[in-house]
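In terms of this note's numbering, the sequence shown is residues 429 to 566. Even for Gly, the Cβ is constructed at its ideal location relative to N, Cα and C. Structure record follows, encoded as structure tokens.
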Amino acid sequence: MFQKIMAPVDLAHVAKLTKALQVAADMAKHFGAELCYVGVTGEQPSALGHTPKEYGEKLKAFAEEQSAANGIPTSSHPMISFDPTTELDDALMKAVTETGADLVVMGTHKPGLTDYIWPSNGSKIAAHSAASVFLVRD
Numbered sequence: 429m430f431q432k433i434m435a436p437v438d439l440a441h442v443a444k445l446t447k448a449l450q451v452a453a454d455m456a457k458h459f460g461a462e463l464c465y466v467g468v469t470g471e472q473p474s475a476l477g478h479t480p481k482e483y484g485e486k487l488k489a490f491a492e493e494q495s496a497a498n499g500i501p502t503s504s505h506p507m508i509s510f511d512p513t514t515e516l517d518d519a520l521m522k523a524v525t526e527t528g529a530d531l532v533v534m535g536t537h538k539p540g541l542t543d544y545i546w547p548s549n550g551s552k553i554a555a556h557s558a559a560s561v562f563l564v565r566d
């Protein structure tokens, strides 16, 4: 049913994504799909990498660790953004197209009052992506 699953990941907050990452790995295993981890970073040095290339290497290493831990084929796809905070939704939408994902599995939070004004990243992807989207509440 699904050939390529995309899982957005924030390497600075992997511990908060445990449930969503496990669902993504389980879905990939069930469908025999490749799981592509997508991370968005800026061009400026950060704790996750001094350069976008270094960040990409860390994301690739994370994907390889997940492959070994879950017994599934994985890949990584770093997205470089001028301002990752404000451009995250657009970067993830672009990544869906660039990776050819037909399913996106991502973590989200319990909806609150502010979600009526500013939708969550997951709800925007679900509303505008051509791929199916599975939102996993933390």
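| Near D566, which residues of its chain fall below 7 Å by C-beta distance, leaving aside the five closest residues on each side in sequence? | In the sequence shown, counting from the first residue as 1, residue 566 sits at position 138. Taken in chain order, the residues that qualify are K444, K447, G535 and H537.
| Considering only the beta carbon of each residue, do I553 and V564 sit closer than 7 Å? | Stepping through the sequence shown from its first residue, residue 553 is reached at position 125. Stepping through the sequence shown from its first residue, residue 564 is reached at position 136. No. Outside cutoff.
| query | Tell me which same chain residues have a C-beta within less than 6 Å of the C-beta of G550, skipping the five on either side of it? | reply | Within the sequence shown, the letter at position 122 stands for residue 550. The answer, listed in chain order, is M534, T536 and L563.
| request: Identify, in the order they occur along the chain, each residue of the same chain with its Cβ nearer than 7 Å to the Cβ of S503, setting aside the five sequence neighbours on each side. | output: Counted from its first residue, the sequence shown places residue 503 at position 75. Hits under 7 Å: E462, C464 and A491.
| said: One question on the structure: do K432 and D530 come within less than 7 Å of each other, judged by their Cβ atoms? | reply: Position 4 of the sequence shown, counted from the start, is the residue given in the question as residue 432. Position 102 of the sequence shown, counted from the start, is the residue given in the question as residue 530. For K432 and D530, yes; Cβs fall inside 7 Å.
| What are the partner residues of P506, as DSSP defines its beta bridges? | Here residue 506 corresponds to residue number 78 of the sequence shown, with the count starting at 1. Beta-bridge pairing links P506 to G467.
| said: Nearest by alpha-carbon distance to V437: which of G528, P539, H556 and A519 is it? | reply: Sequence index remark: in the sequence shown, residue 437 carries index 9 (1-based). For V437, the nearest C-alpha among the options comes from A519.
| query | Comparing alpha-carbon positions, which option in F510, M521 and M429 lies nearest A555? | reply | Within the sequence shown, residue 555 is the residue found at index 127, counting from 1. Ranking the options by Cα distance to A555, first place goes to M521.
| Where does the unbroken beta strand (DSSP E) through A555 begin, and where does it stop? | Mapped onto the sequence shown, residue 555 falls at position 127. Looking at the DSSP string, A555 is not in any beta strand (DSSP E); the run it does join, the alpha helix (DSSP H), is N549 to H556.
| query | So, are the CB atoms of V442 and A523 less than 7 Å apart? | reply | Residue mapping note: residue 442 aligns to position 14 of the sequence shown, counting from 1. Residue mapping note: residue 523 aligns to position 95 of the sequence shown, counting from 1. Not closer than 7 Å, so no.
| Relative to the C-alpha of E493, which residue among M429, A558 and A453 is closest? | Here the question's residue 493 lines up with position 65 in the sequence shown. The option with the nearest alpha carbon to E493 is A453.
| task | In the DSSP assignment, find the unbroken alpha helix (DSSP H) run with L487 in it and report its ends. | result | For the purposes of this step, residue 487 is identified with residue 59 of the sequence shown, where counting begins at 1. L487 -> alpha helix (DSSP H) spans P480 to N498.
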